[in-house]
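**Q**
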Amino acid sequence: MSSQTLSQLGWRPSYAQHLTLMDFEAGYPARVSAVHRSGLTVLSSRGAGSVVLPHRLVDAESAVAVGDWILIEHEADRVIRLIQRQSLIERVAAGEDHRRQSIAANVDTLFIVTSCNDDFNLSRLERYLALAYEAGVEPVIVLTKVDLSNKANDYVAEASGALGTVTVLAINATDATAVAPLAPWLEAGRTVAFIGSSGVGKSTLINRLLGVASQHTQDIREDDARGRHTTTAREMFPTASGAWVIDTPGMRELRIGAVESALDTVFDDIAALAAQCRFRDCHHDGDADCAVERALAEGALDHRRLANYRKLQREAAEAQRTLREKRERSRLFGAMTKEVMRAKRDRLGR
Ligand SMILES: Nc1nc2c(ncn2[C@@H]2O[C@H](COP(=O)(O)OP(=O)(O)O)[C@@H](O)[C@H]2O)c(=O)[nH]1
Ligand SMILES: [Mg+2]
Ligand SMILES: [Zn+2]
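Our numbering puts the first residue of the sequence shown at 3, with every later residue one more than the last.
Listed below in structure tokens is the structure:
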């Protein structure tokens with residue numbers, strides 16, 4: 003690929019706020035376009051290159067993701083450090099330890115893709131919205147397969163009615179002219195990640211946006227054949243309009259992390275109602291003068307929506323608890339290690 007300007011690569015002046023003059027003397031910014039087991043493919047004003055991924059950046063809590071900006075040493079191809087992200091899409095991995103996985107960084111928009119069929123599920127869309135808000139990314143709901151359903155308008159109405167101010171687009175992903183409504187989010191230098199169940203049309207859409215120049219055929223799967231976790235999203239592709247698109251792995255299960263404040267954004271209607279309950283700690287469960295229960299009774303609030311809010315709140319609280327415990331464990335472990343080192347030094351009489 004020929005070299006591109008930083009702004010074509012998605013650079014924003016705000017990133018520079020996190021860099022000092024000394025940083026610029028030591029290195030140059032480059033965007034991670036692909037993450038491999040052994041290293042990173044990067045794009046910068048010098049063109050494409052590859053660098054080794056330093057061990058300290060493999061660590062799960064701050065793992066380098068596709069879309070990240072890093073500072074690379076001028077003369078050696080060494081990573082100096084990660085440049086502060088503007089957004090990070092992450093999820094909680096399957097398994098007991100609630101490990102967080104970085105999916106994509108510095109994303110402007112999350113296209114939440116679902117179809118006009120049985121895949122359509124408001125509770126799952128709310129889960130994706132929480133993920134987007136937590137990441138600091140604007141969500142857009144993209145409903146595919148409008149050509150295969152005679153109820154497409156109902157799906158659009160249901161999504162727009164239930165999900166507040168979120169933009170809902172309905173398209174036929176197999177039709178070349180049908181991707182036009184996506185254009186406002188695909189201006190040059192912008193970055194879009196796609197998320198949604200397998201089979202909803204993410205690859206079809208992405209291929210259409212890429213045009214003939216590049217090809218994106220290989221699907222990324224959550225697990226490889228041995229059930230190990232392969233690394234999340236791994237590549238960023240340029241569209242014909244100069245935007246960057248990132249596919250995400252097909253997820254059988256999307257667990258959210260500690261996203262309490264994002265939930266109040268997704269469910270801002272319920273949060274507003276709760277503020278009108280007589281008691282600040284109202285459980286909306288037989289409590290006196292409860293605005294939430296009143297809205298339920300009047301049909302202004304859906305039982306499903308409240309139940310999903312509660313479910314996601316429980317999940318977020320559980321993730322928060324696990325995170326706290328993990329931090330406490332590693333703090334104790336650090337203290338213990340220091341103690342052992344001190345004892346050793348003392349024995350050696352230093
Ligand atoms: N008719 C129709 N087929 C679609 C549409 N979107 C996707 N498909 C088909 O659905 C199948 C799965 O699409 P794919 O892009 O692989 O889904 P992904 O798993 O989300 O990447 C493919 O056969 C597509 O051709 C659509 O809007 N209309
Ligand atoms: Mg796919
Ligand atoms: Zn209440």
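We treat Cβ as the ideally placed atom computed from N, Cα and C, and that holds for glycine. These numbers come from a predicted model, not from an experiment.
Check the C-beta distance from ASP283 over to ALA273 and give it rounded, since I have them as a contact under 8 Å.
**A** Not really, about 14 Å apart at Cβ, beyond 8 Å.
**Q** Could you compute how far the alpha carbon of VAL165 sits from the alpha carbon of GLY201?
**A** The displayed chain sequence assigns Leu, not Val, to residue 165. C-alpha separation (whole angstroms): 23 Å.
**Q** Check whether the stretch 197-212 and the stretch 119-132 are in contact - that is, three or more C-beta pairs closer than 8 Å.
**A** As far as the Cβ criterion goes, the stretch 197-212 touches the stretch 119-132, which means the pair count is three or higher.
**Q** Rounded to the nearest angstrom, what separates TRP13 and ALA264 at their Cα positions?
**A** If you take the alpha carbons of TRP13 and ALA264, they lie about 26 Å apart.
**Q** How about the stretch 137-152 and the stretch 167-187: do they share at least three Cβ pairs that are nearer than 8 Å?
**A** Verdict: yes, contact present.
**Q** Would ALA47 and THR7 qualify as a contact pair, given that the criterion is a beta-carbon distance under 8 Å?
**A** It is Ser, not Ala, that sits at residue 47 in the sequence shown. Cβ distance < 8 Å, so SER47 and THR7 count as in contact.
**Q** Can you tell me which of ARG101, ARG87, ILE72 and VAL66 puts its alpha carbon nearest to the alpha carbon of ARG329?
**A** It is ARG101.
**Q** At a threshold of 7 Å, does LEU332 count as lining ligand 1 (C-beta to nearest heavy atom)?
**A** Residue identity check: residue 332 is Ser in the sequence provided, not Leu. Result no, Cβ not under 7 Å from ligand 1.
**Q** Where does VAL94 fall in DSSP's three states?
**A** Three-state result, VAL94: strand.
**Q** Could I get the ranges of all uninterrupted beta strand (DSSP E) runs contained in the stretch 142-224, with 3 residues as the minimum, in chain order?
**A** Whole beta strand (DSSP E) segments, 3+ residues: 169-172 and 193-197.
**Q** May I ask you to report which of helix, strand or coil DSSP gives ALA302?
**A** Coil.
**Q** Going straight from the alpha carbon of GLN103 to that of ALA96, what length do you get?
**A** Cα to Cα, the separation comes out at about 10 Å.
**Q** Hey, how far is the Cα of GLU295 from the Cα of SER52?
**A** If I take the Cα positions, the gap works out to 57 Å.
**Q** Who sits around ligand 3, taking every residue whose Cβ is closer than 5 Å to one of its heavy atoms?
**A** Listed along the chain, these residues meet the criterion: CYS279, CYS284, HIS286, CYS292 and VAL294.
**Q** Run through DSSP, which three-state label would THR324 get?
**A** The answer is helix: DSSP assigns THR324 an H, G or I state.
**Q** Pull up the distance between the alpha-carbon of THR22 and that of ALA50, whole angstroms please.
**A** When rounded, the distance between both Cα atoms is 24 Å.
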